[in-house]
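Asker:
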Amino acid sequence: MSGSPLRSLDLPDTAPHAASRGPIVHKFGGTSLQDSERIKRVSGLIALGSGHPVVVVSAMAGVTAQLALLAQDDAGEQGVEEVLSEIRARHLAAAATLGAVGGPSLATRVDEILAAVRAALARTDFEKPLAREDAIIAAGEDLSAELVTGALLAAGVDATPLDARRLIRTDDRFGCALPDLPETDRLVRAEALPLIAEGRVPVIQGFIGSTKDGRTTTLGRGGSDFTATLVAAPLSADEVVIWTDVNGIHTADPQEVEGARAIREIGFEEAVELAYFGAGVVHVSATKHAVSTKVPLRIRGSGAPEETGTLINPNQRSGAEFAAVAFKPAVMLVRVRAFPSAMAHGFLARVFTVLGAHQVPVDLVATSHSSTAFTIDSKEDLTAVRDELSRFAEVEIIPDLATITVVGHGLLREPGMEALALRAVGKTPVHLISQASDVSLNFVVSEEDAPETVRRLHLSLIELRSDA
Ligand code: ADP
Ligand code: ASP
Ligand code: MG
Numbered sequence: 007m008s009g010s011p012l013r014s015l016d017l018p019d020t021a022p023h024a025a026s027r028g029p030i031v032h033k034f035g036g037t038s039l040q041d042s043e044r045i046k047r048v049s050g051l052i053a054l055g056s057g058h059p060v061v062v063v064s065a066m067a068g069v070t071a072q073l074a075l076l077a078q079d080d081a082g083e084q085g086v087e088e089v090l091s092e093i094r095a096r097h098l099a100a101a102a103t104l105g106a107v108g109g110p111s112l113a114t115r116v117d118e119i120l121a122a123v124r125a126a127l128a129r130t131d132f133e134k135p136l137a138r139e140d141a142i143i144a145a146g147e148d149l150s151a152e153l154v155t156g157a158l159l160a161a162g163v164d165a166t167p168l169d170a171r172r173l174i175r176t177d178d179r180f181g182c183a184l185p186d187l188p189e190t191d192r193l194v195r196a197e198a199l200p201l202i203a204e205g206r207v208p209v210i211q212g213f214i215g216s217t218k219d220g221r222t223t224t225l226g227r228g229g230s231d232f233t234a235t236l237v238a239a240p241l242s243a244d245e246v247v248i249w250t251d252v253n254g255i256h257t258a259d260p261q262e263v264e265g266a267r268a269i270r271e272i273g274f275e276e277a278v279e280l281a282y283f284g285a286g287v288v289h290v291s292a293t294k295h296a297v298s299t300k301v302p303l304r305i306r307g308s309g310a311p312e313e314t315g316t317l318i319n320p321n322q323r324s325g326a327e328f329a330a331v332a333f334k335p336a337v338m339l340v341r342v343r344a345f346p347s348a349m350a351h352g353f354l355a356r357v358f359t360v361l362g363a364h365q366v367p368v369d370l371v372a373t374s375h376s377s378t379a380f381t382i383d384s385k386e387d388l389t390a391v392r393d394e395l396s397r398f399a400e401v402e403i404i405p406d407l408a409t410i411t412v413v414g415h416g417l418l419r420e421p422g423m424e425a426l427a428l429r430a431v432g433k434t435p436v437h438l439i440s441q442a443s444d445v446s447l448n449f450v451v452s453e454e455d456a457p458e459t460v461r462r463l464h465l466s467l468i469e470l471r472s473d474a
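Residue numbers (the numbering used here): 7 to 474.
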């Protein structure tokens with residue numbers, strides 16, 4: 007990397023060196039890999055960083071979504087071949103600009119991966135549509151792993167691709183597979199430790215895994231963060247660094263709220279709550295896994311490597327001064343009102359038995375004696391649930407809503423806080439309010455009203471409060 011502007015950067019070393027136990031797992035999101043300029047930065051970060059790196063990569067930004075449309079036979083006006091040649095051209099152009107080592111062999115690998123996509127598109131024997139989709143969308147990470155390996159080699163790093171299908175063993179819930187943790191731990195140790203011992207840098211595709219009979223699965227959108235934590239635990243990593251396009255977790259999405267500012271350290275309860283309720287900067291499963299395996303998780307900006315970003319502390323809650331607001335769109339509200347004849351005790355249990363039997367996950371709940379209301383992700387198909395509930399209750403489903411979540415026990419314990427929050431919500435119609443603990447307070451509003459309501463809540467609960 008001689009001549010790189012990164013040579014002069016004094017990168018803060020965030021891992022706890024005194025007690026150094028193992029490698030550092032660096033995960034680069036699609037936004038950090040979206041063009042050759044950014045990939046060059048990423049290679050520089052690895053080439054100049056300290057500790058032994060293990061690299062986990064997402065697909066280049068937008069590629070998973072393009073492949074998903076192909077998998078859903080929805081290529082639109084462009085057509086399949088045009089989309090594939092656009093993806094090919096983008097990867098090869100980046101490789102050429104980067105001087106990525108690999109030459110013809112990198113181009114050959116790109117063509118092999120795209121040929122596998124064509125083959126999967128043509129196959130008619132997949133057991134489920136999602137099995138086909140996983141086989142196709144995994145190509146995004148397959149491609150970026152080849153590209154990043156080439157760029158790292160060109161930067162003088164002894165990088166080598168390590169196929170995530172050989173490491174991340176999952177069940178066959180295609181589209182959102184669950185890892186078999188003991189087997190994944192065993193495979194990661196068996197495959198990665200010998201490479202690390204030789205001083206080599208494994209480059210692993212995020213997001214993808216495989217069943218024990220070798221079928222490709224994916225961990226759910228945004229799942230590369232989860233891969234990084236799955237790889238880190240069995241390697242006793244010092245730290246997992248999630249490199250992204252913002253400098254850490256902020257008090258609100260900085261792309262939506264101008265006054266949002268970066269948080270230096272956050273307790274795991276609040277981090278999980280924020281991730282679950284829409285702060286998409288780090289995947290909720292990654293946060294939970296890092297905490298349960300006690301690996302420190304840090305979110306940093308690949309465009310601002312001189313900053314230390316946000317540490318998710320596995321051992322404690324945030325300090326009393328911590329507060330943040332998140333929102334999650336694409337939610338529906340289900341209101342269930344018991345028929346008078348069914349109003350005896352046991353109504354709630356009946357409702358939740360139906361939801362449990364259909365494995366429908368519920369987010370927020372509010373209840374009265376004869377009715378209950380709860381939010382559910384808009385993707386869920388509620389036809390069967392609605393039919394069953396309608397046997398003993400009136401059911402109303404309100405679509406196109408968003409949940410807004412205020413997080414922070416210091417703030418939520420302050421007297422008068424609820425009044426302040428309600429004043430900020432103002433005349434915006436609220437469909438549900440819920441608070442189960444001092445960690446978070448939730449409102450359900452229309453998707454349309456959510457961004458502005460978040461801005462108002464952030465202003466009065468965070469910006470003005472900290473100025474006071
Ligand atoms: P990557 O491609 O690196 O995985 P993501 O798009 O998944 O990136 O996550 C980064 C984005 O998360 C940011 O661009 C930002 O808009 C969004 N985001 C949402 N809430 C927050 C928050 N509270 N703090 C920081 N970023 C947030
Ligand atoms: N490429 C996948 C996605 O876009 C996984 C990830 O980026 O984490 O969801
Ligand atoms: Mg992400």
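Beta carbons are placed, not taken as given, at the ideal position from N, Cα and C, and that holds for glycine.
Name the two residues that bound the continuous beta strand (DSSP E) containing D522.
Answerer: With the chain covering only 7 through 474, there is no way to say anything about residue 522.
Asker: Would you check whether the ligand ADP has a heavy atom nearer than 8 Å to the C-beta of V287?
Answerer: yes
Asker: Does the Cβ of T250 lie closer than 8 Å to at least one heavy atom of the ligand MG?
Answerer: yes
Asker: Given that a residue counts as buried once 16 or more other Cβ atoms are within 10 Å of its Cβ, and exposed if not, what is K46?
Answerer: Buried, since its Cβ has 16 or more Cβ neighbours within 10 Å.
Asker: Taking the alpha helix (DSSP H) that E87 falls in, what are its first and last residues?
Answerer: 86-104
Asker: Using the C-alpha atoms, what's the distance from L407 back to T459?
Answerer: Taking the straight line from one Cα to the other gives about 13 Å.
Asker: Could you say which of G226, L39, P208 lies nearest to D178 if we only look at CA atoms?
Answerer: G226
Asker: With contact counted as at least three CB pairs below 8 Å, one residue from each stretch, are the region 393-410 and the region 304-312 in contact?
Answerer: With a cut-off of 8 Å on Cβ pairs, the region 393-410 is not in contact with the region 304-312, counting fewer than three such pairs.
Asker: Please work out which residues of its chain come closer than 6 Å, Cβ to Cβ, to T224, disregarding the five sequence neighbours upstream and downstream, and give them in chain order.
Answerer: D140, F213, I214, listed in sequence order.
Asker: Would you mind working out which of A161, F449, G220 sits nearest G105, comparing C-alpha positions?
Answerer: A161
Asker: Mapping DSSP to helix, strand and coil, what is Q322?
Answerer: coil
Asker: Just to confirm, does E189 get its C-beta within under 8 Å of one of the non-hydrogen atoms of the ligand ADP?
Answerer: no
Asker: In whole angstroms, what separates the C-alpha of Y282 from that of G228?
Answerer: 12 Å
Asker: Tell me, please, whether the region 109-128 touches the region 150-165 by the rule of three or more beta-carbon pairs shorter than 8 Å.
Answerer: Yes, since at least three Cβ pairs between the region 109-128 and the region 150-165 fall closer than 8 Å, the two stretches touch.
Asker: Return yes when the C-beta of G265 is under 8 Å from any heavy atom of the ligand ADP, and no when it is not.
Answerer: no
Asker: Tell me whether S291 counts as near the ligand MG, meaning its Cβ is closer than 8 Å to at least one heavy atom of that ligand.
Answerer: no
Asker: Determine the contact status of T37 and D251, defining contact as a CB-CB distance below 9 Å.
Answerer: yes
Asker: Could you give the distance in angstroms between the alpha-carbon of T359 and the alpha-carbon of P367?
Answerer: Going by the C-alpha atoms only, they are around 12 Å apart.
Asker: Fully enclosed by the region 389-421, which beta strand (DSSP E) runs are 3 residues long or longer?
Answerer: 399-413
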